[in-house]
Amino acid sequence: MNEVITILEHQGTGRDACVKVLQEIQGVFGYLPAEALRYVADHSQITKRQIYGVATFYELFRFKPPGRHQVKVCRGTACHVRGAPQILDAVAEELNLHGSEDTTEDGEFTFEKIACFGACALAPVTVTDGQTHGAMTPDKMRKQLKAILKKARAGKQEDPS
Amino acid sequence: MTRLHAPADLVAWKDQIRSRIDPQQTQISVCTGTGCASAGAGKVVHCLREELAGNHRGQKISVKATGCHGFCERGPLVVIHPSEVFYNRVKEEHVPEILTALDEDGVVTKLLYVDPQTQQPVVKEHEVPFYSHQQRMALGKNGLVDPCEIEDYIALDGYAAVAKTLTTMTPVQVIETIKQSGLRGRGGAGFPTATKWEMAANNITARRQSGGTNGSGAPDTFGYVICNGDEGDPGAFMDRSILEGNPHGVLEGLILGGYTLGANVGYFYIRDEYPLAIQHMNRAIEQATACGLLGKNILGSGFDFQVIVACGSGAFVCGEETALIASIEGERGMPRPRPPYPAESGLWGKPTIINNVKTWTYIPLILLKGHEWFRGIGTPTSPGTAVFSLVGKVNNTGLIEVPMGTPLRHLVEVLGGGVLKGKKLKAVQTGGPSGGCIPAELLDTPVDYESLGGIGSMMGSGGMVVMDEDTCMVDVARYFLAFTQIESCGKCVPCRLGTRRMLEILTRITTGKGTENDLITLEEFAVSVKATSLCGLGQTAPNPVLTTLQYFRHEYEAHVRDKKCTAHACRELVTYSIIADLCKGCGLCVRHCPVSSINGERKMPHEIDPEACVRCGSCYDVCKFEAVQRD
Ligand SMILES: Cc1cc2nc3c(=O)[nH]c(=O)nc-3n(C[C@H](O)[C@H](O)[C@H](O)COP(=O)(O)O)c2cc1C
Ligand code: SF4
Ligand code: FES
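These protein sequence lines map, in sequence, to chains A and B.
Start counting the first sequence at 15; every next residue gets the next number (the numbering used here).
Start counting the second sequence at 476; every next residue gets the next number (the numbering used here).
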């Protein structure tokens, strides 16, 4: 909880700090762990109710840990008219994700649909593990995911633990 | 860093910076904006610096990493100064050739832009049609300055408007100048900036005179100025490029706003998908604070100003001003009814002015160059320039800035270089999820607030998406409705439930289950959601539906009557089959089909199993013999 203590020291404990505190917690952990939120509610003027309200309102926040690899696909207008729907379908099919599921069972991938990266001139745009790719095609996307999976599996076999 | 105490210090600093610049020295400027960066501009810069380091050429040639030049489609972009030689699609392996050409006073012909109309290479940046037809004001310094170096900005008269205004103009005079300039807000609605400012300035003065106290957590001030950098329109990136490429330009505007309104605290609200914009703005604030352009008693004027960066968390509605305020206050970003307007009671209950990134960027330019200069560009009711991010099915995608009143056709055909792959233009969409689809027949409409509003669309904040014959307009309407439905905050019923019902109807239509009655119900919903929603999101959400119904009704009818999508974009209404006579049995489609639905022996005609087919169209795209048929 040391990280959370530092965050509260830095951002203050008033109600108005709520969004920033949650942003920083997610920045540290990659998601909002329940213990961290409980600590915030117990040690600041931010209530559990406010935390839940804020965390469910903004799309950025998540309550579950993300996968080891992040695949983000833009669903913005520029990307939509240049073929983003086919890429979104390809990722969901390749990772076997249905409905609102966003993380694969093995915890390898998290798949996010992003409103727009602001790189619309390169549409369709995807970001895999922080790396932006323009002019994406469903084929290239599938290959990219397969390559990551292959590497991950090879890594697991080598790793004696 | 130099510490400035008076306007004369700024002038001295500028002269000193300029004296260090040798205009004859070769400078290679590389665009490292988001587009070029993802195409590998970072490597180009690195490679250039490495090649030049420790080399005799190092002294003669400098390398500058700048913000977005706008022509993202062609990135990474490199411009050589002072010769203005323009290279596009530059890769790190081209670096040695570029340097050799510089030594020999030549150019690398293969990296030059080739004008598709004339098939001739173009050498200089300003001769490229994409640039030669633009008039850059808001984007003017993008591409010239290193966004992380305040000295670059100061060398180009940066902060001169702050020096002039804070020491020689009263707030009343500033408002008068802005009023004379006719500046209208660039966030979408085009509200006259001076009118809003006057109201807030009066309210802040009244509070200052009557004393007054702070709310919780609020910094000490009687009012606030906020820069709206939420840029929620998916498919637009003007604000991002300006924040990233010229952060000091926006910051200077905000300081001037603070001075004029008597607000001592300013905020930047920037969406979290824009990490580079946040980073560059934080850096700009640090630098401005270190040299005394922010903080106490700026340039000896007695005016104190501090700036805070707040980040969005992925909610489109937070671009709406009252929701944005709630978000900065740490709450759910829900709009509230207006009045009271933020100019009366905004952030922490104090008078607050919120303007778009571009609006703020114009402020220092107007105050420095005068309102006549601004009025001289554009149309009488929409003065100045319009900045668009031109994207979609167009050859040259990127950022463009043209005088207001320029016909749409000019943007698409000349700057945009026409529709991709020579296809037929169907529509141009402006205004994002709040805007409308303008059919090809109305392409001679000038871009300004009144003209676009008059045909059911709107200026918006600057998104412009070009759509061709392969774009289904019903699918586009459904796409936008799906967006607004997800983004509806849920506070008011018409928007929360109305958008949902409309989306259901549109989904039925695009999956071949729609009826003609659905079209009538859809229109009724659209009209009532527009009339009764609380905030701009709901009030404008039906626009994409209404404009497509108005201009492309035949496409809706084809979907409901014939169960056909003429653009072949609605998956459920398309079938793929293989024409046996044309199929050579090469097996390429078999390898590309993600669900193994294609069967056949080598060198024999293949067949698609319609049950297994997911209609992804891969086979249609890859077949070299046009043997795959799409209906
Ligand atoms: C749903 C919604 C989203 C908006 N998003 C933005 C935005 O991303 N950027 C912006 O500048 N204005 C946005 N606006 C408009 C703002 O509410 C506000 O009018 C604007 O920032 C005022 O600045 P201006 O006068 O400079 O145009 C949005 C409005 C609505 C209703
Ligand atoms: S119109 Fe929509 S977004 Fe606006 S307040 Fe109502 S529910 Fe919320
Ligand atoms: S629409 Fe995809 S990056 Fe903007």
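Backbone N, C-alpha and C fix where the C-beta goes; we use that ideal spot for every residue, glycine too.
Ligand 1 heavy atom lying under 6 Å from the CB of residue i
i, result
"GLY662 of chain B", "yes"
"GLU796 of chain B", "yes"
"SER936 of chain B", "yes"
"THR834 of chain B", "yes"
"PHE743 of chain B", "no"
"TYR829 of chain B", "Per the sequence shown, the amino acid found at residue 829 of chain B is Ile instead of Tyr. Yes, ligand 1 has a heavy atom inside 6 Å of this Cβ."
"ASP705 of chain B", "yes"
"CYS522 of chain B", "no"
"PHE958 of chain B", "no"
"PHE666 of chain B", "yes"
beta-carbon residue i near ligand 3 non-hydrogen atom, thresh 6 Å
i, result
"GLY1060 of chain B", "no"
Length of the line joining the Cα atoms of residue i and residue j
i, j, result
"ILE730 of chain B", "VAL597 of chain B", "41 Å"
"ASP578 of chain B", "PHE77 of chain A", "58 Å"
"LEU978 of chain B", "GLU998 of chain B", "12 Å"
"THR827 of chain B", "TYR699 of chain B", "5 Å"
"GLY660 of chain B", "PRO855 of chain B", "15 Å"
"GLU17 of chain A", "ALA31 of chain A", "16 Å"
"ILE961 of chain B", "THR982 of chain B", "14 Å"
"LYS1059 of chain B", "GLU108 of chain A", "29 Å"
"ALA669 of chain B", "ILE679 of chain B", "15 Å"
"VAL869 of chain B", "THR905 of chain B", "14 Å"
"LYS1099 of chain B", "GLY1075 of chain B", "17 Å"
"ILE653 of chain B", "LYS639 of chain B", "15 Å"
"LEU890 of chain B", "ASP1106 of chain B", "34 Å"
"GLU673 of chain B", "SER963 of chain B", "32 Å"
"ILE21 of chain A", "LEU51 of chain A", "12 Å"
"VAL68 of chain A", "ALA129 of chain A", "19 Å"
"VAL1070 of chain B", "SER1093 of chain B", "11 Å"
"THR735 of chain B", "GLU925 of chain B", "29 Å"
Contact test: residue i Cβ vs ligand 2 heavy atom, cutoff 6 Å
i, result
"GLY808 of chain B", "no"
"GLY67 of chain A", "no"
"CYS793 of chain B", "no"
"GLY1013 of chain B", "yes"
"CYS1068 of chain B", "no"
"ARG975 of chain B", "no"
"SER802 of chain B", "no"
"SER1008 of chain B", "yes"
"ARG971 of chain B", "yes"
"LYS1005 of chain B", "no"
"SER963 of chain B", "yes"
Proximity of residue i and residue j at Cβ, strictly below 7 Å
i, j, result
"MET942 of chain B", "GLY867 of chain B", "yes"
"GLU600 of chain B", "GLU559 of chain B", "yes"
"SER776 of chain B", "LEU972 of chain B", "no"
"GLU548 of chain B", "ASN871 of chain B", "yes"
"VAL505 of chain B", "ALA540 of chain B", "yes"
"ARG96 of chain A", "PRO47 of chain A", "no"
"ALA104 of chain A", "MET155 of chain A", "yes"
"GLY704 of chain B", "ILE745 of chain B", "yes"
"ILE1073 of chain B", "CYS1064 of chain B", "yes"
"ALA635 of chain B", "LEU843 of chain B", "yes"
"ARG884 of chain B", "LEU917 of chain B", "no"
"LYS86 of chain A", "GLU126 of chain A", "yes"
"ALA785 of chain B", "VAL792 of chain B", "no"
"GLY987 of chain B", "LEU1048 of chain B", "yes"
"VAL862 of chain B", "GLY937 of chain B", "yes"
"GLY794 of chain B", "SER802 of chain B", "no"
"LYS489 of chain B", "ILE625 of chain B", "no"
"THR946 of chain B", "LYS901 of chain B", "yes"
Residue i: CB within 6 Å of a non-hydrogen atom of ligand 4
i, result
"ARG549 of chain B", "You won't find ligand 4 in this model; what it holds is ligand 1, ligand 2 and ligand 3."
*Going along the chain, which residues of the segment 918-952 of chain B sit with their C-beta nearer than 9 Å to a C-beta in chain A?*
Listed by position, the residues of the segment 918-952 of chain B near chain A (Cβ gap below 9 Å) are GLY938, VAL940, VAL941, MET942, ASP943, ASP945, THR946, ASP950, VAL951.
*Please list, following the chain, all residues that have a C-beta closer than 6 Å to any non-hydrogen atom of ligand 3.*
Output, sorted by chain position: A:CYS88, A:GLY90, A:THR91, A:ALA92, A:CYS93, A:CYS130, A:PHE131, A:GLY132, A:ALA133, A:CYS134, A:ALA137, A:VAL139, B:PRO709, B:GLY710.
*Short-range partners of chain A found in the segment 535-564 of chain B, where Cβ spacing is below 7 Å*: Within the segment 535-564 of chain B, the residues whose Cβ lies closer than 7 Å to some Cβ of chain A are CYS547, GLU548, listed in chain order.
*Residues from the segment 804-823 of chain B in contact with chain A, defined by Cβ distance under 9 Å*: Answer set for the segment 804-823 of chain B: GLU804, GLY805, GLU806, ARG807, GLY808, MET809, TRP823.
*Select from the segment 843-875 of chain B all residues with a C-beta closer than 7 Å to any C-beta belonging to chain A, and list them in chain order.*
Under the 7 Å Cβ criterion, the segment 843-875 of chain B contributes SER864, VAL866, GLY867, LYS868, THR872, GLY873.
_Near-chain B residues of the segment 145-167 of chain A (beta-carbon distance less than 9 Å), N- to C-terminal order_ = Taking 9 Å as the upper bound on Cβ-Cβ separation, chain B lies near residues GLN145, THR146, HIS147, GLY148, THR151, PRO152, ASP153, ARG156 of the segment 145-167 of chain A.
*Using a Cβ-Cβ cut-off of less than 7 Å, give me the residues of the segment 777-791 of chain B that come near chain A, in sequence order.*
Within the segment 777-791 of chain B, those residues whose Cβ lies closer than 7 Å to any Cβ of chain A are, in chain order, CYS786, SER788, GLY789, ALA790, PHE791.
*Return the residues of the segment 107-131 of chain A that lie within a Cβ-Cβ distance of less than 7 Å from chain B, sorted by chain order.*
Within the segment 107-131 of chain A, the residues whose Cβ lies closer than 7 Å to any Cβ of chain B are, in chain order, GLU107, ILE128, ALA129, CYS130, PHE131.
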